Amino acid sequence: MEQTKRKFHASMINDYRAFVFLGIVLIFGIFANNFYTLYNFTSIFSGSSLYTFIGLAFTLCMIAGHMDLSVGYMATMGAMMVLGMRTLEGLPWGVAFLVAAGVGALFGLANGILVAKAKIHSFIVTLGMQFVIKGLLNIYSNGAEISVKGDFEVTDILNSSPIPFLPFSVLFLFTLAAVIILMVVLAKTRFGRNVYMLGGNLETAWLAGIKSDRNTILIFMISGILCGLGGALYGVSAGTATPTLGEKGIAPLMVGLTATIIGGTDIAGGKGSVLNTFVSIVAILAMFGVITTLVGKFEVQILFIGIVLAFCVLYETFTKYAKQKTLGIRPDLVQKYMQESGKTKL
Amino acid sequence: MTTKEQQATAPGIKQDSRRTDISKTSLFINRAGAYFIVAILLVIGLIIAQGRFVSIDNIRSILNAVSLTGMACAGLAFVVYSANFNDMSLPMTMALSGMMAVQLIPFGIVVSVVGGIAAGTLVGVVNGILIGKFRANPIIWTLAFNMVLSGIVRVAWGGSQIYPDTVAGDSEFAQQAAVQFNSFARTYFFDGALPLMVVVMIVLFVFAYFMMTRTRFGNKLKMVGSNYEAARLSGVNCAKTVILAYVLCSLCAAIAGIFYTSMTKIGAYSNGEGYDFDCLTAVLLGGMTLAGGKGNIVGVFGGVLVVGMLKNIMTLIGISTFSQYLVTGVVFLIVVWINTSSERKLGRA
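Residue numbers (this note's numbering), protein chains in the order written: chain W, 914 to 1259; chain X, 0 to 348.
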């Protein structure tokens, strides 16, 4: 009986800590002025859009055992492409969004081929790709920003709330749709199961007949498409995009990575949930809001996001360390040994 | 040979057609590593900028430009060599050591420098204990610690920058210390031919080379980097080795941070920004791999030279800063690709 109880607590912290974190933030929200207002929640949810897309892409790659550091710049590219196609080239919005997603897919394909076929570590590939994308973006726009130039039609639609009394803007509804689609794909399709198997053990997955190269490339492509779309939606809703979008303030990559870790995704791969990542991103943004009202400093935001991330890493590390220490030891014999020797510690 | 022929002639057994000889080019690329690219860049430089490339002025400016990266790389090489990917807390180590040094200027120049280096090294101790002893994930932990440090530094100094001469105040002694501190990055030997920063970089590389090849620690590090479990089972104190690797990394980063602060005359939290990936780029160009236990310090020095020369040549030709990112990224990817494939062909990956 006690055994099952302990397991329940462990799973609570391991699998649902994003929800616990969100709960803590919401409790602190009581002390912040105007936290529980419709407007505030609308802005938190809308603000979470870009981070969610980046976090989803990052989580997907991490479940498969890879790291995609280029997500931040790919999102920037999506934003630049959609506004560039619309404002500079005069294409219709639909085509502009397609181009943004397509370019993201293209760079994802490049990442995937380098990782799967050339067998370079994904950390290195995406690190190099980061520089390439940064250079290309700056060349494309000459380092200047691209804006919608008075064509605010779609921007207004994205920022409006279609459902009364609910804090959901259209932008957030798109984000939510992406989360749900990815959740279903990961849980219900063969591809989703392959992702988990590839992350768990690449060799075994290959031996089990999964086309590991093709699936890895596909994972990186989906990551690219997600980033491209997320960046495009953000760029249009903000009405402007600059090449430095991927690095200003707390970099979107860092927020995505933090949320992925808080959400309980294993860095070694094979374990993780998209929903948890999404919840922790919302929690992080709510935390920023609470801190801004209570303390009012940007510095404290960085300190707190760091502390939360460090806490999660420390917790995981110490539980793993304790597990390693008692690995392969029979508990009944340990108890006997302790009774006989009178020691309290092993 | 005879056995192979016998096998081939025996009925029912197919001839083993797998290649057993080692590809000469792969071996050459693997041995020469970054210096191959240094030579290529040298030739390109000689052709493109006649007379300007190989001059005392230009060589000094190349070395001066990479000296800070080089100092940090000499330390980071230990971490990469021990199969711990990258020290993402490098930027804040540099910033923290610089800010501590500036803050301690009123107590004299010696206290300031020692305090700065000690503060930076402390970061390495914490990283080392958590990663070496408790086996935290190196990337995620150093990233988290970087964020925590960033927050602490920003909150402690109220998010503002500090200047050596303002911190020193009115006292004569402190003002002198501030002047001395600012002159670190502007000290030249031999009539301005050899900057102090380059000397320090070369000293650190020689020190790292000595540590890596001539000491017991270096041998242990190679074992830990190549195969952690095997090293542990053969009695190597892995935790101690990894801790020392991180301490050395932070020590070098702290020295680099003090020179950076001295160069810009500003102690700010943004001092080392971007150095984590820049240094990793140089180390990987130098032939080290993220798998650990491969490459050497001489190669890393070559990698640092490649970064400097590439930037210098691009500036000489007149490529814009934006395009430089692109070229750096592409060159990096191609070099790492060639490196990885040669390792794989030699059966070492």
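The beta-carbon is built from N, C-alpha and C at its ideal position, and this holds for glycine as well. From a predicted model like this one, the values you see are computed outputs, not experimental measurements.
query: Own chain residues within Cβ distance below 6 Å of X:G346, not counting five before or after; result: none
query: Range covered by the alpha helix (DSSP H) that runs through X:G44; result: 33-47
query: Residue range of the unbroken alpha helix (DSSP H) whose run includes W:A1235; result: 1211-1238
query: Distance CB(X:G302)-CB(X:Y80) smaller than 8 Å; result: no
query: Backbone secondary structure at W:T1171 - three-state DSSP; result: helix
query: Proximity winner among X:T263, X:T165, X:S322, X:G271, relative to X:A252 (alpha-carbon distances); result: X:G271
query: Expected contact under 8 Å - CB spacing of W:G1169 and W:M990 to nearest Å; result: Rounded, the Cβ-Cβ distance is 16 Å, inconsistent with contact.
query: Close-in-space but distant-in-sequence residues of the same chain around W:M1110 (CB under 8 Å, 5 per side omitted); result: T1117, A1118, A1121, I1123, G1183
query: Straight-line gap, W:P1005 to W:L1084 (C-alpha atoms, nearest Å); result: 19 Å
query: Presumed contact (8 Å Cβ cut-off) between W:T955 and W:S1074, rounded CB distance; result: 6 Å
query: Where X:T280 falls: helix, strand or coil (DSSP); result: helix
query: The segment 329-346 of chain X / the segment 1054-1065 of chain W touching (three or more Cβ pairs under 8 Å); result: no
query: First through last residue of the alpha helix (DSSP H) which encompasses W:Y1109; result: 1103-1113
query: Chain W contact for X:M149 (CB, 8 Å cutoff); result: It is Ser, not Met, that sits at residue 149 of chain X in the sequence shown. By this cut-off, X:S149 is an interface position.
query: Extent of the continuous alpha helix (DSSP H) to which W:Y1250 belongs; result: 1244-1254
query: Residues that W:N1024 contacts on chain X, provided the C-beta gap is smaller than 7 Å; result: Here the premise fails: no neighbours, minimum Cβ distance about 10 Å.
query: Counted within 10 angstroms of its Cβ, other Cβ atoms place W:M914 as buried (16 or more) or exposed; result: Residue confidence is low: W:M914 scores 39 on pLDDT, short of 50, so the model does not pin down where it sits. Its coordinate-derived value is still stated next. Flag for W:M914 reads exposed.
query: Contacts of X:V241 in chain W (Cβ-Cβ under 8 Å); result: Ordered by position in chain W, no residue passes the 8 Å Cβ test against X:V241, which lies about 14 Å from the chain.
query: Runs of beta strand (DSSP E) lying entirely within the segment 116-192 of chain X, each at least 3 residues, in chain order; result: none
query: Extent of the continuous alpha helix (DSSP H) to which X:W98 belongs; result: Note on residue identity: the sequence assigns Met, not Trp, to residue 98 of chain X. Residues 89-102.
query: Test: X:L142 CB closer than 8 Å to a CB of chain W; result: yes
query: Backbone secondary structure at W:P1337 - three-state DSSP; result: Absent from the model: residue 1337 of chain W. The displayed extent of chain W is 914 to 1259, so no value can be given.
query: Coil, strand or helix - W:S1060 by DSSP; result: strand
query: Nonlocal neighbours in the same chain, by C-beta distance under 6 Å from X:M211, ignoring five residues either side; result: G217, I296
query: Residue span of the alpha helix (DSSP H) that contains X:D56, given as start and end; result: 55-80
query: Of the listed residues W:Q1252, W:I1094, W:L1001, nearest to W:Y1053 (C-alpha basis); result: W:L1001
query: Chain X contact for W:I1033 (CB, 8 Å cutoff); result: yes
query: Nearest to W:P1077 (by Cα), restricted to the options W:F944, W:L951, W:L1115; result: W:L951
query: Host alpha helix (DSSP H) of W:R1127 (start-end); result: 1125-1151
query: Same chain only: Cβ atoms within 8 Å of X:M0, ignoring 5 sequence neighbours per side; result: With a pLDDT of 47 at X:M0, under the threshold of 50, the modelled position of that residue is not reliable, and the figure given next carries that caveat. Answer for X:M0: no residue qualifies.
query: Residue closest to W:G1113, alpha-carbon to alpha-carbon, out of W:I1174, W:T1178, W:P1080, W:A970; result: W:T1178
query: Nearest candidate by alpha-carbon position, reference X:I104, set X:C248, X:I161, X:V282; result: X:I161
query: Whole-angstrom distance between W:A1014 and W:M1134, CA atom to CA atom; result: 10 Å
query: Sequence-distant residues of its chain with Cβ nearer than 8 Å to X:I312 (five each side left out); result: L40, I43, G44, I47, A48, F52
query: Pair within 8 Å by beta-carbon distance, W:H1034 and X:L232; result: no
query: Contacts of W:Y1234 in chain X (Cβ-Cβ under 7 Å); result: F133, R134
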